[in-house]
Amino acid sequence: MAIVRSARKNVKIKHFYLNSQEEVVVKIVKEILTLFKIDLDEATNEPLAYESLAIDNQVMLDDIVKVNTKIRLVDSSKIEHDFCIEAEGQHDERKLASSRRLIKLNLYHLFRKYFQFETAPWGILHGVRPTKIVHHYIDQGLTKPAIISRLQNDYEVSTAKAELITKLAFKQRSFLATSNPKLVSIYIGIPFCLSRCLYCSFPSYVLPKKEILDQFMVKLKQDIVAAQSLIIQQGLSVQSIYIGGGTPTSLPDEDFTVLLNLVKDSFYGVETVEFTVEAGRPDTITDHKIAAMMNHSVNRVSVNPQTMQLKTLKRIGRNHTPEAIIEMFYKFRKAKMQHINMDLIIGLPGETCEDMKDTMQKIVALNPDDITLHALALKKGSQLKMNGGCKDLPDDETAQAMFAIAMDAVEKLKMEPYYLYRQGYMSGNLENVGCSKSGSEGFYNIQIMEEHQTIIGIGPAATTKVIDPITERMQTSFNAKDLTTYLNHVDKYIEKRTILLNTAFSN
Ligand code: SF4
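See the structure below:
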């Protein structure tokens, strides 16, 4: 018997049982519960729709893995509802991976069927990098139609999303094929902004006073010089450089120029094809900084309006107007910046489809080279989340309609998706997707998402990802997100990074 419920309302359950304590199994089961908005609330004294939910997965590791899943729901009238399903894995899957996928798939089918939930566009494909599985299939020799079919059958991905990531992964192959193990990219994190946006969960700080800033510049230089020594010692070449944050252009003119000098001298070489600076917000841009970028071979900037609606800019804590974005854009065009990217966010508080249409009209008129569409993700650490969200966030259906409006506009500019990633708690169960005109694809964006190339991280909150040239396995080291910890212990982070790189590249 199907229990009819609205997909949009949360299902509340008091007690939960799972026949496994294994961390990964608990995690994947929770992912499905979150997907279908099934909340556990043991602490409440209120009567809930369901007294308990028990999940029992039996895994049979034969030649082909089988998983039998049973669920028992006890409703508030103590009536038991039992459902079960069995699924088989594929010949070419690793057994452990197969069993975990089948647990998710079984739960997805059971909850969908008996609660009459709508399909989820990404099905059970929950990772940050859904294209990775497509690259795996391409490596195995599967054709485009075969990959689309596997994504639909094995992961319940919608046809539209399966086609999107398959096309996108094939497009990425030529960029990834240029990678060789001695070619690396550099990420430098500048954790400052002029004010903090309402939705921001990045570890960024309002620009500190001079004394702290001077200390930061000294430690950052130490970090950069150490990375440069490693590159020379290991005979590495730098293919792309990315200065992100925060908003790097929040630095005062003089510090910004010192930074560009240092970065160019340390890393820019004959193999360098891309040098990006996140120029972020117009309130951080001066003519001096634009000239400094042009003089130091920066060939890609991100101008990030997020929206072209004044009411929303004010609401999210940005002290600038849409007109200031337009002015900044044209200054970069006049200076002949080679690639200009613009970031937009779908699902900002109070926005409607009409707002999205208006924003896209203004963006299309500017005709940038690259647009990244982000779906708002309500993450821990953002004021929006800490303040308990807000009542006028667009619902999932509206966010999806807004995304479709934005994609239509992007297509008008003859742009195609070239990288994609997902996060938790995304508005409309959507994705972040980078689209560009042919020849304007952000090389660093592809490398950071697909994890095919070693990326050396410098500065607070930066991550170093080292791809072992022999095993192709990835090892990571993390710099402190907290500024004071980074300033006090930069030596420690440099040492960890050095060991990691030397171990991988000295063999
Ligand atoms: S500009 Fe970016 S990093 Fe800075 S506060 Fe806003 S969202 Fe966060």
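Per UniProt numbering, the sequence shown starts with residue 1, numbered consecutively.
Cβ coordinates follow ideal geometry from the N, Cα and C atoms, glycine included.
On a predicted model such as this, the values are computed, not experimentally measured, just so you know.
- Non-local C-beta neighbours of cysteine 193 in its own chain, meaning closer than 6 Å and more than five positions away in sequence, comprise Ser204, Gly246, Thr247 and Ser250, ordered along the chain.
- Every residue with a CB closer than 6 Å to a heavy atom of the ligand SF4 is listed here in chain order: Cys193, Arg196, Cys197, Cys200, Phe202, Ser204, Gly245, Gly246, Thr247, Gly280 and Arg281.
- Of all alpha-carbon atoms in Glu450, Thr463 and Asn432, the one lying nearest the alpha-carbon of histidine 135 is that of Glu450.
- For lysine 465, the enclosing beta strand (DSSP E) begins and ends at 463-467.
- Rounded to the nearest angstrom, the gap between the Cα atoms of aspartate 41 and histidine 296 is 56 Å.
- With a threshold of 16 other beta carbon atoms within 10 Å, leucine 310 falls short and is exposed.
- In the DSSP annotation of this structure, the continuous segment of the alpha helix (DSSP H) that includes alanine 399 starts and ends at 396-412.
- For proline 417, the secondary structure class from DSSP, reduced to helix, strand or coil, is strand.
- Serine 440 is positioned such that its CB atom lies closer than 8 Å to that of histidine 339.
- For alanine 462 and glycine 189, the gap between their C-alpha atoms comes out near 6 Å.
- DSSP places phenylalanine 202 in the coil class of the three-state scheme, outside both helix and strand.
- Note that the C-beta distance between glutamate 431 and tyrosine 421 is below 8 Å.
- In this structure, DSSP gives lysine 492 a helical state, which the three-state scheme calls helix.
- Per DSSP, arginine 72 lies in no alpha helix (DSSP H); the unbroken beta strand (DSSP E) holding it starts and ends at 65-75.
- Straight-line spacing of the CA atoms in isoleucine 446 and leucine 35 works out to 27 Å.
- By a beta-carbon distance limit of 8 Å, proline 469 does not contact leucine 483. Their separation comes to about 34 Å.
- Methionine 60 counts as exposed, since fewer than 16 other C-beta atoms from the protein chains shown sit within 10 angstroms of its C-beta.
- For proline 368, the CB contacts under 7 Å within the same chain, skipping 5 residues up- and downstream, are Ile340, Asn341 and Met342 in chain order.
- Scanning its chain for C-beta atoms nearer than 8 Å, with the 5 sequence neighbours on each side dropped, one finds around alanine 480 the residues Pro460, Ala461, Tyr486, His489 and Tyr493, in chain order.
- Excluding five sequence positions before and after alanine 146, the CB atoms of its chain that fall closer than 8 Å to its own CB belong to Tyr137, given in chain order.
- Sorting Met402, Thr352, Tyr330 and Gln234 by C-alpha distance to the C-alpha of threonine 498 places Gln234 at the top.
- Per DSSP, reduced to three states, the secondary structure at aspartate 39 is strand.
- Distance from the CA atom of phenylalanine 202 to the CA atom of glutamine 453, rounded to whole angstroms, is 24 Å.
- Apart from sequence neighbours up to five positions away, the residues of its chain that approach proline 282 with a beta-carbon distance below 6 Å are His320, Ala324, Ile325 and Met328, ordered along the chain.
- Under DSSP, methionine 474 forms a beta bridge with Ile467.
- Per DSSP, reduced to three states, the secondary structure at serine 427 is helical.
- Taken in chain order, the complete beta strand (DSSP E) segments of 3 or more residues contained in the segment 329-372 are 339-346.
- Beta-bridge partners of histidine 135 (DSSP): none assigned.
- Under DSSP, methionine 60 takes part in a beta bridge, and its partners are Lys66.
- Taking 8 Å as the upper bound for CB-CB distance, isoleucine 224 and serine 266 are in contact here, some 5 Å apart.
- In the structure shown, proline 305 falls within a strand segment according to DSSP collapsed to helix, strand and coil.
- Sorting Ile285, Val273 and Glu274 by C-alpha distance to the C-alpha of threonine 257 places Ile285 at the top.
- The criterion of a C-beta distance shorter than 8 Å is satisfied by phenylalanine 275 and valine 298.
- Contact check for serine 427 against isoleucine 346 passes: the beta carbons are separated by less than 8 Å.
- Within 10 angstroms of the beta-carbon of cysteine 435 lie 16 or more other beta-carbons, which makes it buried.
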